[in-house]
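J.:
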Amino acid sequence: MRALAQLDAGVGDGATRDASGDAVTDAAAPIVRTGDPVLRRRAAEVPAARLGSPELAALATEMIAIMRAAPGVGLAAPQIGRSERIFVLEDRPEAIGRLSETERAERARVAFAPRVFVNPVVTPVGTETATFFEGCLSVPGYVGLVTRALEVEVTGKDEHGAPQTWRVRGWPARILQHELDHLDGTLYVDRMLPRTLLHADEARARYAGKPIADVLSAIAPPRP
Ligand code: ZN
């Protein structure tokens, strides 16, 4: 199952799971799937009165645990049925260690500790973009190619209500944009390049480690 992880352990929420992940997910992680209207609503701002509350910090801790159990690299509150503007993200060294050097470089993946954003605002920096596969814990079993800003700046509150700003490039920037979309009722399938929705098994078997240009020429040739 390592080859699978190689392709998508860090894609968006984390598109698919290895065998051990499947075993824990359904019991431990009540992640809602596409079809539930909560994923299509604009989530509500967290009111100032809740910032800094033990309840909010506990929710963030719970979300990090669910994200890890899935396993994924990001999780937004609507994905556990809570229509609130909160997301968490993390990329762990062990997931990145499974990638080849080329893949690490192509995706600009770097490990980072868990981060929590409450009422986040994500702003693209510059005009550079990157195109890569994403999957979503709420759309299990599939991946698609999505073009995103290469660099973003995110501002918001942390789990204790303290203001924070993070300017970041590459994979974390992709995760931030994917999770912010969840707070606005948008899924990656709304943004993916037409014709690039792949079953995760096919993506893994056919395209793992290949340049995106090769993938595009195989599955999305220009129309005559
Ligand atoms: Zn997602």
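Using the numbering used here, read the sequence shown as starting at 18 and increasing by one per residue.
Even glycine gets a Cβ: it sits at the ideal position worked out from N, Cα and C.
(1) Report yes if the C-beta distance between residue 49 and residue 117 is below 8 Å; otherwise report no.
(2) Taking the CB atoms as reference points, tell me whether residue 197 and residue 131 lie closer together than 8 Å.
(3) Is residue 163 helix, strand or coil by DSSP?
(4) For residue 221, count neighbouring Cβ atoms within 10 angstroms of its own Cβ and tell me buried if that reaches 16, exposed if not.
(5) Looking at the unbroken alpha helix (DSSP H) that takes in residue 11, where does it start and where does it end?
(6) Over what stretch of residues does the beta strand (DSSP E) that includes residue 103 continue unbroken?
(7) For residue 151, name the three-state secondary structure that DSSP assigns.
(8) Could you work out which residue in 128, 230 and 82 is closest to residue 187 when comparing CA atoms only?
(9) Please confirm whether any heavy atom of the ligand ZN lies closer than 7 Å to the CB of residue 154.
(10) To the nearest angstrom, how far is the alpha carbon of residue 226 from that of residue 161?
(11) Suppose you measure from the CA of residue 41 to the CA of residue 141; what does that come to, to the nearest Å?
(12) Does residue 87 pass the burial test, meaning 16 or more other C-beta atoms within 10 Å, or should it be called exposed?
(13) Look up residue 92 in the DSSP assignment and give the residues it is bridged to.
(14) Have a look at residue 113 and residue 53 and give me their C-alpha separation to the nearest angstrom.
(15) What number of angstroms, rounded off, separates the C-alpha of residue 235 from the C-alpha of residue 191?
(16) Can you find at least 3 beta carbon pairs, one from the region 88 to 108 and one from the region 141 to 151, that sit closer than 8 Å?
(17) Taking just the CA atoms, how far does residue 202 sit from residue 165?
(18) Once you ignore the five residues that flank residue 74 on each side, which residues in its own chain have a CB closer than 8 Å to its CB?
(19) Of the residues 91, 64, 65 and 121, which one's Cα is nearest the Cα of residue 194?
(20) In chain order, what residues of the same chain have a beta carbon less than 8 Å from the beta carbon of residue 214, not counting five sequence neighbours either side?
T.: Taking the definition as stated:
(1) In terms of Cβ geometry, residue 49 and residue 117 do not form a close pair [threshold 8 Å].
(2) No. Outside cutoff.
(3) Judged by DSSP in its simplified three-state form, residue 163 adopts strand.
(4) Buried.
(5) Only positions 18 to 241 of the chain appear in the structure, and residue 11 is not among them; the question remains open.
(6) According to the DSSP assignment, residue 103 belongs to the beta strand (DSSP E) that extends over 103 to 108.
(7) DSSP, read as helix, strand or coil, puts residue 151 in strand.
(8) The residue with the shortest Cα to Cα distance from residue 187 is 128.
(9) Between the ligand ZN and the CB of residue 154, the shortest heavy atom gap is smaller than 7 Å.
(10) Distance between the alpha carbons of residue 226 and residue 161: 15 Å.
(11) Residue placement at residue 41 is poorly supported in this model, since its pLDDT is 36, which falls under 50; the coordinates still yield a value, given next. Whole-angstrom Cα-Cα distance: 35 Å.
(12) Label assigned to residue 87: buried.
(13) Residue pairing by DSSP places residue 92 opposite 105 in a beta bridge.
(14) Cα to Cα, residue 113 sits roughly 31 Å from residue 53.
(15) Rounded to whole angstroms, residue 235 and residue 191 show a C-alpha spacing of 24 Å.
(16) The answer is no - the region 141 to 151 does not touch the region 88 to 108, with fewer than three Cβ pairs under 8 Å.
(17) In this structure, the CA atom of residue 165 is about 17 Å from the CA atom of residue 202.
(18) Around residue 74: 176 and 177.
(19) For the residues 91, 64, 65 and 121, the minimum Cα distance to residue 194 belongs to 91.
(20) Non-local beta-carbon contacts of residue 214 in its own chain, meaning distances under 8 Å to residues more than five positions away in sequence, involve 159, 160, 161 and 206 in chain order.
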